[in-house]
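From first to last, the protein sequence lines stand for chains A and B. Once you know that position 152 of the first sequence is 152 in full-length UniProt numbering, the rest is easy, because the numbers rise by one and skip nothing. Once you know that position 149 of the second sequence is 149 in full-length UniProt numbering, the rest is easy, because the numbers rise by one and skip nothing. Notes follow the structure.
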Amino acid sequence: MENCYLGIDVGSVSTNVVLMNDQNKILGKVYTATQGKPIDAVKRGLKEISGQIKGDIQVKGVATTGSGRHLASMIVGADVVKNEITAHGIAALNFVKGVRTIFEIGGQDSKIILLKDGIISDFAMNTVCAAGTGSFLDRQAARLGIDISEFGQQALTSKNPVRVAGRCAVFAESDMIHKQQLGHNQEDIIKGLCDALVRNFLNNLGKGKDLAGPIVFQGGVAANAGIKKSFEEALNQEIFVPPHHEVMGAIGCCLLAKEHAAKKNNTNFQGFEIMNSGYEVRGMECEDCSNLCEVVEIIRDGILMSRWGDKCGKWSNQVKSDVEKLA
Amino acid sequence: MKVTFPHMGNQYVATKVLLDELGVENIIPPECSKDTLDIGTKHSPESICLPLKVNIGNYIESVKKGADTVVITGSCGPCRFGYYSILQKEILKSMGYDNLKFILLDPPQGDYKGFFKRVYDLTNTKNPYKIVKALARATRTLYLLDEMEDLSYYKRPRQARQGEVDIHYDHFHRVVREAKGYKEVSTLIRDTIRKMKEVEEDPTRDVIKIGIIGEIYTIIEPFVNLNVEKKLGDMGVEIDKSLKISRWLTEHLYLSPLGLTAEKDVWRAAKPYLKTMIGGHARETIGYAVVYGKKGYDGVIQIYPLTCMPEIVAQSILPTVEKDYSIPYLCLIVDEMTGEAGYSTRLEAFVDLLRRRKEKAYNGELLSGN
């Protein structure tokens, strides 16, 4: 029987599940759309990954990350709940030797993580602007009538990129339409857009930071060869895209779960059978004090699993769970 | 005359004591909430800093409860706060609150006649003994409040049962609104301090220390900084806030008119980076970052409202301090658009970073010890 670790990254756009063994080998990975239904996405992810498993395995630890990490942890019974910055940092450290800088661009956020001596030393995350993230690229590809998977390749064929304003997603779009109306080639516009997004990313997040190599580029957008090329041109150095770049958050989770299992030899994992369970989420407002907390309850097959959202802890403490408290 | 005033953390308790002791009828604005901010945002200039928006919300909510006079302190540092009273008066006028009276308690700056006239207006008495006594009691209340705050910073990361400290803390804020005068209020604070001290501690907790620096209002008002002290406390972090209201009051009311200051050491610490006062609390922000670095804190977090000029200058200097004292630094900027999820994620990631760093330093020491 082989020991395995499960990592689940529930993001705004995609939900990723990775199964890894003791030797840090990826046994299975799933990349599925969240579509605003994180519970369904987690169940679907578990179903698909259990279909990929060959042979006899035992899950020794589970960790969750991403914006839906708390919900996912309640469903699967996670041992570790971590923020996505730490998860991404740990994944890159283990898969790329001596990495100093990580660019991560996901569905709705983008981040820069700087590492020093094998630990995260600094990070930045986009705050109010979503220009340059996956959702924006998706939209623009749809506007141009091309598939997002061809977007990057088209950019590479450009010989004379146009300059697109990249300060803001809305202006970038109107500027792009303007360039289209002037009759520029499609590939030149796409390349211009890639350049603009990279400029925006580096100005917004990289400002004042020392971006030392080797640089790793991960997240869903790393599949876009055009953006990678634009980064290389802007920084004048090679950018590495790791083989499982789209599921790095989940890989980081596997590593965190493994670390946890080494310390504590038991897991809260509820088993793969939970994908067949029915889940229900109920909300209520506690009116016992002026805080008026919104308490969320999660119910599996009619049994109350967990509650959270209360400031005083009187609701959540009723359902005892020794899930490792955050951070 | 029913007097109201803007919120700023625990300050309302001391102001209430001051007005109670003077026999002035007062109305405490309801606790800052989403509604407060919505009202303020709707009626304020879009790019003004966040405190003004919250203030406006406070006034309107108090007026609805019957207040007819607003008292605010003036700025003691050349930043936009100095124009708050004028701008706020104009905003409220344009909203149709013509009869609302403003009393501005600026430091005298030479014009003692005008200053005392404003004080007499507010206090309804010309008896200086009564005024001084009330002021002394309010100041004592502030110091007690800050003692309670500091205790909660210490206890939160160490409490054996999560949330216990906040049960006492929240209870205090519910009850204190009904208390009257120095005697009742100070007894209540001492009671809360005693109860908090009794909260059981978990000795195995590995507590890390973070210094909070930045703009004074955003540091102190929990609604605006999304309860940073509770969030960090629950993650096992003990904090220290660089600026406190009690300190601010002592500095500007008692010391600065005499040409004295308690911030000399902090200014000296900031000197290699920023030689002079550039407005707001930029010099203190940098100075305290250095002080925390020297004291061996695990990290510093700067919080300020969007568009705050002095803090923007400080922000550009802080990475140098970070390098010189090898103390990790995180910057959080808040305004009415701030999303709680992203904010918490940053805090969590920063705490993770500090913990791993500490672990590594500890392991390194073990290795070199062998």
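All C-beta atoms, glycine included, are put in the ideal place defined by N, C-alpha and C. Since the structure is predicted, the reported quantities are computational estimates derived from the model, not experimental observations.
Three-way DSSP call (helix, strand, coil) for residue i in this model
{"i": "A/V99", "result": "coil"}
{"i": "B/R137", "result": "helix"}
{"i": "A/K320", "result": "For A/K320, the predicted structure reports a pLDDT of 47, less than 50, and the residue's modelled location is therefore unreliable. A value from the coordinates is still provided. Of the three classes helix, strand and coil, the one that applies to A/K320 here is coil, per DSSP."}
{"i": "A/Q153", "result": "helix"}
{"i": "B/D298", "result": "coil"}
{"i": "A/V164", "result": "coil"}
{"i": "A/K229", "result": "helix"}
{"i": "A/K325", "result": "The predicted position of A/K325 is uncertain, since its pLDDT is 41 and thus under 50; a value taken from the coordinates is nonetheless stated next. Looking at A/K325 - three-state DSSP - the assignment turns out to be coil, as it is neither helix nor strand."}
{"i": "B/M8", "result": "coil"}
{"i": "B/S85", "result": "helix"}
{"i": "A/D288", "result": "coil"}
{"i": "A/G106", "result": "coil"}
{"i": "residue 392 of chain A", "result": "The structure shown does not extend to residue 392 of chain A, since chain A spans only 1 to 327, so no value can be given for it."}
{"i": "B/S94", "result": "helix"}
{"i": "B/I27", "result": "coil"}
{"i": "residue 393 of chain B", "result": "Look at the range of chain B in this structure, 1 to 370, and you will see that residue 393 of chain B is not part of it."}
{"i": "A/V216", "result": "strand"}
Through-space distance from residue j to residue i, alpha-carbon basis
{"i": "B/Y273", "j": "B/I286", "result": "8 Å"}
{"i": "A/E173", "j": "A/F151", "result": "16 Å"}
{"i": "A/Q35", "j": "A/A261", "result": "32 Å"}
{"i": "B/H168", "j": "B/I131", "result": "32 Å"}
{"i": "B/G236", "j": "A/C254", "result": "24 Å"}
{"i": "A/Q58", "j": "A/E259", "result": "16 Å"}
{"i": "B/K209", "j": "B/I301", "result": "11 Å"}
{"i": "A/L93", "j": "A/I215", "result": "11 Å"}
{"i": "A/E246", "j": "B/L255", "result": "59 Å"}
{"i": "B/E184", "j": "B/E198", "result": "21 Å"}
{"i": "B/L92", "j": "B/H281", "result": "28 Å"}
{"i": "A/S306", "j": "B/H43", "result": "42 Å"}
{"i": "A/D40", "j": "A/Q218", "result": "25 Å"}
{"i": "A/G55", "j": "A/N24", "result": "17 Å"}
Residues of its chain near residue i, where Cβ-Cβ distance is below 7 Å and the 5 sequence neighbours each way are ignored
{"i": "B/Y182", "result": "V17, E21, R137, T141"}
{"i": "B/S246", "result": "L142, Y143, D146"}
{"i": "B/T36", "result": "V54, G57, N58, E61"}
{"i": "B/K89", "result": "F102"}
{"i": "B/Y97", "result": "V63"}
Beta-bridge pairing of residue i - partner residues as DSSP gives them
{"i": "A/A172", "result": "None; A/A172 has no bridge partner."}
{"i": "B/P305", "result": "B/V334"}
{"i": "A/N21", "result": "A/C4"}
{"i": "A/G28", "result": "A/L19"}
{"i": "B/K209", "result": "B/E238"}
{"i": "A/L115", "result": "A/I120"}
{"i": "A/E294", "result": "A/E285"}
{"i": "A/S14", "result": "A/A33"}
{"i": "A/T64", "result": "A/I8, A/V81"}
{"i": "B/F102", "result": "B/V70"}
{"i": "B/Y143", "result": "According to DSSP, B/Y143 bridges with nothing at all."}
{"i": "A/E280", "result": "A/I299"}
{"i": "B/G214", "result": "B/I303"}
{"i": "A/S306", "result": "A/I298"}
Proximal residues to residue i (C-beta, below 6 Å), its chain only, five neighbours per side dropped
{"i": "A/A72", "result": "I8, V10, V42, T64"}
{"i": "B/K2", "result": "E25, I27, G66, A67, D68"}
{"i": "A/K320", "result": "Confidence in A/K320 is poor, its pLDDT being 47 and thus under 50, which makes the residue's placement unreliable; the coordinate value appears in the next sentence. Excluding residues within five positions, none has a Cβ falling inside 6 Å."}
{"i": "B/C308", "result": "C49, E215"}
{"i": "A/L256", "result": "A63, V80, K82"}
{"i": "B/E221", "result": "M8, G9"}
{"i": "B/F172", "result": "T192"}
{"i": "B/P51", "result": "Y217"}
{"i": "B/E284", "result": "V266"}
{"i": "A/A91", "result": "M248, I251, G252"}
{"i": "B/Y325", "result": "G293"}
CB-CB length for residue i against residue j, believed under 8 Å
{"i": "B/I72", "j": "B/F5", "result": "6 Å"}
{"i": "A/L144", "j": "A/V221", "result": "Not really, about 17 Å apart at Cβ, beyond 8 Å."}
{"i": "A/D301", "j": "A/G278", "result": "6 Å"}
{"i": "B/V266", "j": "B/Y288", "result": "6 Å"}
{"i": "B/K360", "j": "A/I102", "result": "At roughly 18 Å, the Cβ-Cβ gap does not stay under 8 Å, so B/K360 and A/I102 are not in contact."}
{"i": "B/P328", "j": "B/R357", "result": "7 Å"}
{"i": "B/R156", "j": "B/K230", "result": "7 Å"}
Contacts around residue i, its chain only, beta-carbon distance under 8 Å, and the 5 residues preceding and following it disregarded
{"i": "A/L292", "result": "E285, C286"}
{"i": "A/L46", "result": "V17, V76, F272, I274, M275"}
{"i": "A/K264", "result": "D79"}
{"i": "B/Q159", "result": "V165, V199, E200, E201, D202"}
Under 7 Å from the C-beta of residue i: neighbouring residues of chain D
{"i": "A/M305", "result": "Here the protein chains are A and B, and chain D is not one of them."}
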